[in-house]
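Enquirer: Have a look at this one.
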Ligand code: G3P
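In my numbering, the protein residues as written are 537 to 754.
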């Protein structure tokens with residue numbers, strides 16, 4: 537499963553990229569607001585940090601012609617920009633056109649299997665079902681992922697990648713991998729949580745103490 541990081545904080549992306557864990561980045565208007573940065577500048581910086589790896593930048597228009605105009609501007613920022621589109625008929629229309637022009641797309645704010653089917657038919661590169669927000673309204677976010685993965689598997693000619701988004705804890709990441717999602721976009725804090733286990737810490741502490749008692753060095 538590919539790991540994308542879900543943030544527009546350049547420093548956090550740099551730290552994780554240095555470990556070699558990142559296969560891409562996703563941003564959205566809320567993450568751009570949180571960064572306090574100029575949208576196009578921060579996308580350019582992120583793209584340069586991860587050359588050749590997909591960086592999602594979201595359009596803000598709702599009508600197809602203006603979406604396409606914004607997509608043209610965003611695509612010019614860097615070769616690895618992926619255009620993030622709303623899951624509406626206008627967004628799907630733009631997706632079909634952009635896909636036809638060879639531009640990678642990420643259809644976002646997906647909350648149903650039917651929406652995921654439409655996005656695949658529009659040729660989306662990625663579909664972003666929001667599991668955390670689904671859970672927030674007492675729906676089963678991971679069941680949605682399971683259904684989408686199963687549905688896409690019925691049609692080998694559908695090439696849309698399932699990109700699990702709105703991840704709120706490590707179990708979302710584990711479940712996404714067990715289901716076989718293609719990508720999980722993860723907040724930086726949760727990526728760091730994935731490695732933590734108190735038994736590992738206790739074991740390392742004991743090994744270190746016992747090694748010190750040997751009086752040896754490697
Ligand atoms: O990529 C989508 C993600 O940023 C939304 O997360 O926690 O606001 O639902 P959240």
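Even for Gly, the Cβ is constructed at its ideal location relative to N, Cα and C.
Is the Cβ-Cβ distance between residue 701 and residue 641 less than 9 Å?
Expert: Start at 1 with the first residue of the chain shown, and residue 701 comes out as number 165. Start at 1 with the first residue of the chain shown, and residue 641 comes out as number 105. Contact flag unset, no.
Enquirer: Please determine whether the Cβ atom of residue 737 lies at a distance below 8 Å from any heavy atom of the ligand G3P.
Expert: On the chain shown, position 201 is the one that residue 737 refers to. Annotation for residue 737 indicates a beta carbon at 8 Å or more from all heavy atoms of the ligand G3P.
Enquirer: Look up residue 727 in the DSSP assignment and say whether it is helix, strand or coil.
Expert: Along the chain shown, read from residue 1 onward, the residue named residue 727 stands at position 191. It is helical.
Enquirer: Quick test of the definition: if touching needs 3 or more C-beta pairs under 8 Å, does the region 544 to 563 touch the region 588 to 595?
Expert: yes
Enquirer: Using three-state DSSP, classify residue 688 as helix, strand or coil.
Expert: Working through the chain shown from its first residue, we reach residue 688 at position 152. Note: residue 688 maps to helix in three-state DSSP.
Enquirer: Please name the residue, chosen from 569, 703, 546 and 735, that lies closest to residue 668 on a Cα-to-Cα basis.
Expert: What you label residue 668 is simply residue 132 of the chain shown in a count that begins at 1. Comparing C-alpha distances from residue 668 to each of 569, 703, 546 and 735 shows the shortest one belongs to 703.
Enquirer: Relative to the ligand G3P, is the shortest distance from any of its heavy atoms to the C-beta of residue 539 smaller than 8 Å?
Expert: Counting from 1 along the chain shown, the entry for residue 539 is found at position 3. Checking every heavy atom of the ligand G3P against the Cβ of residue 539, none is found closer than 8 Å.
Enquirer: Could you tell me the alpha carbon to alpha carbon distance between residue 716 and residue 738, rounded to whole angstroms?
Expert: Counted from its first residue, the chain shown places residue 716 at position 180. Counted from its first residue, the chain shown places residue 738 at position 202. Residue 716 and residue 738 have their alpha carbons spaced roughly 32 Å apart.
Enquirer: CB-CB under 6 Å to residue 751, same chain, minus the five flanking residues each way: which ones, in chain order?
Expert: Residue 751 sits at position 215 when you count from the first residue of the chain shown. Correct list: empty, nothing qualifies.
Enquirer: State the Cα-Cα distance for the pair residue 635 and residue 675, rounded to the nearest angstrom.
Expert: To locate residue 635, count along the chain shown from 1; it is residue 99. To locate residue 675, count along the chain shown from 1; it is residue 139. Near 31 Å, if we compare the C-alpha coordinates of residue 675 and residue 635.
Enquirer: In its own chain, which residues sit with a C-beta less than 8 Å from the C-beta of residue 655, not counting the 5 before and 5 after it?
Expert: Your numbering for residue 655 matches position 119 in the chain shown. Counting only Cβ-Cβ distances below 8 Å, and skipping sequence neighbours, we find 623, 628, 631, 643, 646, 663 and 696.
Enquirer: Give the DSSP bridge partners of residue 720, in chain order.
Expert: Here residue 720 is taken as the residue at index 184 of the chain shown, counted from 1. Residue 720 is bridged to 539 and 700.
Enquirer: Output needed for residue 729: all residues of its chain with C-beta closer than 6 Å, excluding positions within five of it in sequence on either side, in chain order.
Expert: Reading the chain shown from its first residue, position 193 is the one you call residue 729. Hits under 6 Å: 706.
Enquirer: Can the beta-carbon of residue 688 be found closer than 9 Å to that of residue 660?
Expert: Working through the chain shown from its first residue, we reach residue 688 at position 152. Working through the chain shown from its first residue, we reach residue 660 at position 124. Not a contact, by the Cβ cut-off of 9 Å.
Enquirer: Going by DSSP, what residue range makes up the alpha helix (DSSP H) through residue 579?
Expert: If you number the chain shown from 1, residue 579 lands on position 43. Residue 579 -> alpha helix (DSSP H) spans 575 to 585.
Enquirer: Assign residue 578 to one of two classes, buried (16 or more other C-beta atoms within 10 Å of its C-beta) or exposed (fewer than that).
Expert: Here residue 578 corresponds to residue number 42 of the chain shown, with the count starting at 1. With 16 or more other Cβ atoms within 10 Å, it is buried.
Enquirer: Just curious, the alpha helix (DSSP H) that residue 654 is in, first and last residue?
Expert: Along the chain shown, read from residue 1 onward, the residue named residue 654 stands at position 118. Its alpha helix (DSSP H) spans residues 649 to 657.
Enquirer: When we look at the beta-carbon of residue 741 and count the other beta-carbons within 10 Å, is it buried (16 or more) or exposed?
Expert: Mapped onto the chain shown, residue 741 falls at position 205. Exposed, by the Cβ-count rule.
Enquirer: Is residue 563 buried or exposed, if buried means 16 or more other CB atoms sit within 10 Å of its CB?
Expert: Within the chain shown, the letter at position 27 stands for residue 563. Counting Cβ neighbours within 10 Å, residue 563 comes out buried, since at least 16 surround it.
Enquirer: Taking the C-alpha atoms as reference points, what is the distance between residue 620 and residue 610?
Expert: For this step, residue 620 is matched to residue 84 along the chain shown. For this step, residue 610 is matched to residue 74 along the chain shown. Taking the straight line joining both Cα atoms gives about 10 Å.
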